[in-house]
Amino acid sequence: MSVHPPGPPVWALPGLLRKLAVDRLGMMREAAGLSDAVRVNMGPKKLYIFNRPDYAKHVLADNAANYHKGIGLVESRKVLGDGLLTSEGELWRKQRRTVQPAFKPGRVAAQAGAVAEESGRLVELLRGRAGDAPVDVLHEITGLTLGVLGRTLMDTSLEGHGGIAHAFEAVQDQAMFDMVTQGLVPTWVPFGTQRRFRAARRELTRTVDELVADRGARMSEDDGADDAFARMILAAQAHPDPATGRRLLQEELVTLLLAGHETTASTLGWTLLLLARHPHVRDLVREEARAVLAGGRLPDAEDLHKLSYTTQVVQEAMRLYPPVWILPRIAQAADEIGGFTVSAGADVLVCPYTMHRHPDLWDDPERFDPSRFDPSRVANRPRYAYIPFGAGPRFCVGSNLGMMEAVFVTALVTRDLDLDVVPGHEGVAEPMMSLRMRGGLPMTVRPVD
Numbered sequence: 025m026s027v028h029p030p031g032p033p034v035w036a037l038p039g040l041l042r043k044l045a046v047d048r049l050g051m052m053r054e055a056a057g058l059s060d061a062v063r064v065n066m067g068p069k070k071l072y073i074f075n076r077p078d079y080a081k082h083v084l085a086d087n088a089a090n091y092h093k094g095i096g097l098v099e100s101r102k103v104l105g106d107g108l109l110t111s112e113g114e115l116w117r118k119q120r121r122t123v124q125p126a127f128k129p130g131r132v133a134a135q136a137g138a139v140a141e142e143s144g145r146l147v148e149l150l151r152g153r154a155g156d157a158p159v160d161v162l163h164e165i166t167g168l169t170l171g172v173l174g175r176t177l178m179d180t181s182l183e184g185h186g187g188i189a190h191a192f193e194a195v196q197d198q199a200m201f202d203m204v205t206q207g208l209v210p211t212w213v214p215f216g217t218q219r220r221f222r223a224a225r226r227e228l229t230r231t232v233d234e235l236v237a238d239r240g241a242r243m244s245e246d247d248g249a250d251d252a253f254a255r256m257i258l259a260a261q262a263h264p265d266p267a268t269g270r271r272l273l274q275e276e277l278v279t280l281l282l283a284g285h286e287t288t289a290s291t292l293g294w295t296l297l298l299l300a301r302h303p304h305v306r307d308l309v310r311e312e313a314r315a316v317l318a319g320g321r322l323p324d325a326e327d328l329h330k331l332s333y334t335t336q337v338v339q340e341a342m343r344l345y346p347p348v349w350i351l352p353r354i355a356q357a358a359d360e361i362g363g364f365t366v367s368a369g370a371d372v373l374v375c376p377y378t379m380h381r382h383p384d385l386w387d388d389p390e391r392f393d394p395s396r397f398d399p400s401r402v403a404n405r406p407r408y409a410y411i412p413f414g415a416g417p418r419f420c421v422g423s424n425l426g427m428m429e430a431v432f433v434t435a436l437v438t439r440d441l442d443l444d445v446v447p448g449h450e451g452v453a454e455p456m457m458s459l460r461m462r463g464g465l466p467m468t469v470r471p472v473d
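Per the numbering used here, the sequence shown starts with residue 25, numbered consecutively.
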């Protein structure tokens, strides 16, 4: 006999569906408060929400082949095409194999110098803005993450391409619009979101064409190029259909540019906001950074494991504000999860944001407490209770590089500067393709002795 997860009370259903459009985090928290497994009927669509580590493990790892990318990411294919984030099957496997060598631990470690230099440049930029006037630190962080991306994964300077970040905001707005409207509104309809998206797509197409032309020309002089961008170009050149190869290269590069800077910028924004709200934690980070990075020097690869408390702070920030806040899937065939029947074609959601706040998994889950990630406490926690980079075969390929960047920036900024939030700024989470911060992060900057 089929046993389906419980649904919300009839009176609660209209509110849940409304929140899908205007308050997605509120919808997920409300569903998680009902049960660890919930089924919501949306007309002909069935939406299953699972909020336990063993359920997540089944969907993301044990039976991952049955669960393709789902709501939100399906609509994102219209704006991102078939990049690594949205592709499926053999195309995805080929794309993953192409870029995977660029993320091997040894190569990531070799990029530590570039990450440290860009981090030091951010500190000096902020130091130069010290004073009473607030600085949008999130905007400056985005510039940093684009700089790191260009140097480490593309062997390309992205200086002068700052418009990429604004273009991606329009792309994400369109993806969320398509999700809410189920993709039924053509992009030519003259809504503001649609117009901004069309302009952004033209800008991104122009930018990636320029980047491909520049990197391709330099590759002819460097037969040993092994960065992710070079490997993507070589794969496109080897494609049996040149037109398809060019299209896929464009789409893969757009995805790399988006995923390569957006999640790390989001993580750093939330980390610096939380440190400003918790000065005692900031003091501990500063103490560690000054001990490990004495004399004002920049970090190297060997310092990463020494910055253990700083790493815990970043991990706790990603618990409260996971960059990958939701993992949507579509069941290809009927399945059973935790004794519950899931029908073929159903939308299945695993939400790190709510699972990271589950009261059965975390003591006082709303509290910011980096000591949760002390190794002695981590050992007693279910593996899938904490999945800020996803899990299973589609685990974020750039997680190690992203962590290095977040830890280095957090250590250096905190060692040298006090960043304080402008009074009245709440730091509201905006659940887009990553969990970004609405309205930026206005802060005042003060150097510390």
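Ideal placement from N, C-alpha and C gives every residue a C-beta, glycine not left out. It should be emphasised that the depicted structure is a prediction, and the values quoted were computed from it without experimental measurement.
**Message:** Under 8 Å: do the region 319-327 and the region 341-358 share three or more Cβ pairs, one atom per stretch?
**Reply:** Taking 8 Å as the limit for Cβ pairs, the verdict is that the region 341-358 does not touch the region 319-327.
Do you know offhand how far L441's Cα is from V305's?
On the sequence shown, residue 441 is found 417 positions in, with the first residue counted as 1. On the sequence shown, residue 305 is found 281 positions in, with the first residue counted as 1. Spanning the two alpha carbons is a distance of roughly 14 Å.
Using 8 Å as the threshold, is the C-beta distance between L272 and A435 below it?
The count along the sequence shown starts at 1 and reaches residue 272 at position 248. The count along the sequence shown starts at 1 and reaches residue 435 at position 411. The answer is no: Cβ separation not under 8 Å.
Problem set entry | Unbroken alpha helix (DSSP H) run spanning T6, endpoints | Only positions 25 to 473 of the chain appear in the structure, and residue 6 is not among them; the question remains open.
- So, are the CB atoms of V337 and T295 less than 8 Å apart? On the sequence shown, residue 337 is found 313 positions in, with the first residue counted as 1. On the sequence shown, residue 295 is found 271 positions in, with the first residue counted as 1. It is a contact, given that the beta carbons lie within the stated cut-off.
*Got a sec? Which residues, its chain only, sit under 7 Å from S111 by beta carbon, not counting five neighbours each side?*
Within the sequence shown, numbered from 1, the residue matching residue 111 stands at position 87. Cβ contact annotation for S111 (same chain, cutoff 7 Å, sequence separation greater than five): Q119, in chain order.
Practice problem: Taking L344 and F397 to be in contact with their CB atoms under 8 Å, please state how far apart those CB atoms are, rounded to whole angstroms. | Solution: Here residue 344 refers to the residue found at position 320 of the sequence shown. Here residue 397 refers to the residue found at position 373 of the sequence shown. About 12 Å; that fails the 8 Å criterion.
* Under the three-state reduction of DSSP, which class applies to H82: helix, strand or coil? -> Position 58 of the sequence shown holds residue 82. In the structure shown, H82 adopts helical secondary structure according to DSSP, grouped into three states.
Pull the bridge partners of H92 from the DSSP assignment, please.
Locating residue 92 in the sequence shown gives position 68, where the first residue counts as 1. Partner(s): I354.
What did DSSP end up calling D197 once you bin it into helix, strand or coil?
-> Position 173 of the sequence shown, counted from the first residue, corresponds to residue 197. Three-state DSSP puts D197 in a helix.
At least 3 beta-carbon pairs within less than 8 Å: the region 355-367 vs the region 72-80
Touching, per the Cβ criterion.
| query | Just how far apart, CA to CA, sit V258 and G422? | reply | Working through the sequence shown from its first residue, we reach residue 258 at position 234. Working through the sequence shown from its first residue, we reach residue 422 at position 398. The amino acid at residue 258 is misidentified as Val; the sequence shows Leu. Straight-line Cα distance between these residues: approximately 20 Å.
- prompt: Who are the near neighbours of L168 in its chain, counting only those whose CB is closer than 6 Å to its CB and skipping five residues on each side?
  reply: Counting from 1 along the sequence shown, the entry for residue 168 is found at position 144. The residues are E142 and L146.
Provide the residue span of the beta strand (DSSP E) that contains G155, from first to last. The sequence position of residue 155 within the sequence shown is 131, counting from 1. Its beta strand (DSSP E) spans residues G155 to D160.
| message | Can you give me the C-alpha to C-alpha distance between A322 and F432, rounded to a whole angstrom? | response | Residue 322 sits at position 298 when you count from the first residue of the sequence shown. Residue 432 sits at position 408 when you count from the first residue of the sequence shown. For clarity, residue 322 is Leu in the given sequence; the question names Ala instead. One C-alpha to the other measures close to 9 Å.
Would P30 and V62 qualify as a contact pair, given that the criterion is a beta-carbon distance under 8 Å? Mapped onto the sequence shown, residue 30 falls at position 6. Mapped onto the sequence shown, residue 62 falls at position 38. In this structure, V62 lies closer than 8 Å to P30 by Cβ.
Going by beta-carbon coordinates alone, are Y72 and L373 separated by less than 8 Å? The count along the sequence shown starts at 1 and reaches residue 72 at position 48. The count along the sequence shown starts at 1 and reaches residue 373 at position 349. Going by C-beta atoms, Y72 is nearer than 8 Å to L373.
- Message: Quick check: what's the CA-CA separation for A368 versus D387?
- Response: Locating residue 368 in the sequence shown gives position 344, counting from the first residue. Locating residue 387 in the sequence shown gives position 363, counting from the first residue. A direct Cα-Cα distance of roughly 36 Å separates A368 from D387.
Margin query: If you reduce the DSSP assignment to three classes, tell me which class D440 lands in.
Written below: Translated into the one-based positions of the sequence shown, residue 440 becomes position 416. D440 falls in the helix class under three-state DSSP.
7 Å Cβ shell around N75 - same chain, five flanking residues per side excluded: Within the sequence shown, the letter at position 51 stands for residue 75. Here the set comprises A56, D60, C375, T378, M379 and H382.
>> Buried or exposed, going by whether 16 or more other CB atoms sit within 10 Å of the CB of E429?
In response: Indexing the sequence shown from 1 puts residue 429 at position 405. With 16 or more Cβ atoms within 10 Å of its Cβ, E429 is classed as buried.
- request: Kindly list the residues whose CB is nearer than 7 Å to the CB of A224, restricted to its own chain and excluding five residues on each side of it in sequence; keep chain order.
  value: Taking the sequence shown and counting its residues from 1, one reaches residue 224 at position 200. A191, A194 and V195.
Subject >> DSSP three-state assignment for V27, whether helix, strand or coil >> reply: Working through the sequence shown from its first residue, we reach residue 27 at position 3. Coil.
**Classification of P447 by the beta-carbon crowding that lies within 10 angstroms, buried from 16 upward** = Along the sequence shown, one-based indexing puts residue 447 at 423. Label assigned to P447: exposed.
request  = Return helix, strand or coil for T122, following the three-state DSSP convention.
outcome  = As a working note, residue 122 is residue 98 in the sequence shown. Residue state, collapsed to three classes: helix.
N-terminal and C-terminal residue of the alpha helix (DSSP H) that R321 is part of | Here residue 321 refers to the residue found at position 297 of the sequence shown. Counting along the chain, R321 falls outside any alpha helix (DSSP H), and DSSP gives it neither H nor E.
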